[in-house]
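Visitor: Residue numbers (the working numbering): -12 to 123. Note that beta-carbon positions come from the ideal geometry of N, C-alpha and C, so glycine has one too. One structure, as structure tokens, below. Some questions next.
In structure tokens form, the structure reads like this:
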């Protein structure tokens, strides 16, 4: 596997369905889960409704480009995301998923942190270190 990365905004709720979140946010999800249904290709049951959107650029581009792409995508609805994040059963997460063989440095700018904070979101970074082919 080559280096790849993407970002996502994940809004989970016990009560608001993904379709209700579509209506509230004015944006359709890229992926979703319905509480109680099996998650994609598994027998694991979703414990929350989840509304998820992703960065839309090539996964081969650096994570910094994915952060910029997704933040630009959510800027128009950030006030609505902030409003929904104040509900007691809603959790908003800004996620970065990175698969890499290389040592890397990744820095959020002050402006990016401010926007993510304005969403009422936590930051979740999943870093997967891939083995070299020699190690397999």
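So, helix, strand or coil for residue 44, using DSSP?
Guide: Residue state, collapsed to three classes: coil.
Visitor: Can you tell which of -10, 3, -8 and -11 has its C-alpha closest to the C-alpha of residue 76?
Guide: Ranking -10, 3, -8 and -11 by Cα distance to residue 76 puts 3 first.
Visitor: Extract the residue ranges of the alpha helix (DSSP H) inside the region 51 to 119, only unbroken runs of 4 or more that lie entirely within it.
Guide: Taking only runs of at least 4 residues, the alpha helix (DSSP H) segments lying wholly in the region 51 to 119 are 65 to 72 and 97 to 105.
Visitor: According to DSSP, simplified to helix, strand and coil, what is residue 6?
Guide: Here residue 6 sits in helix by DSSP.
Visitor: In terms of residues, what are the limits of the beta strand (DSSP E) holding residue 21?
Guide: Unbroken run through residue 21: none, as it is neither H nor E.
Visitor: For the putative contact between residue 18 and residue 39, defined by C-beta atoms under 8 Å, what is the C-beta separation to the nearest angstrom?
Guide: Indeed, because the Cβ distance is near 4 Å, the residues count as touching under 8 Å.
Visitor: When burial is assigned at 16 or more other CB atoms within 10 Å of the CB, is residue 59 buried or exposed?
Guide: Exposed.
Visitor: Candidates 96, 63 and 106: which alpha carbon is nearest residue 71's?
Guide: Looking at the Cα atoms, 106 is the closest of the given residues.
Visitor: Flag this pair as touching only if the region -5 to 2 and the region 24 to 36 have three or more C-beta atom pairs under 8 Å; answer yes or no.
Guide: Enough Cβ pairs lie closer than 8 Å, so yes.
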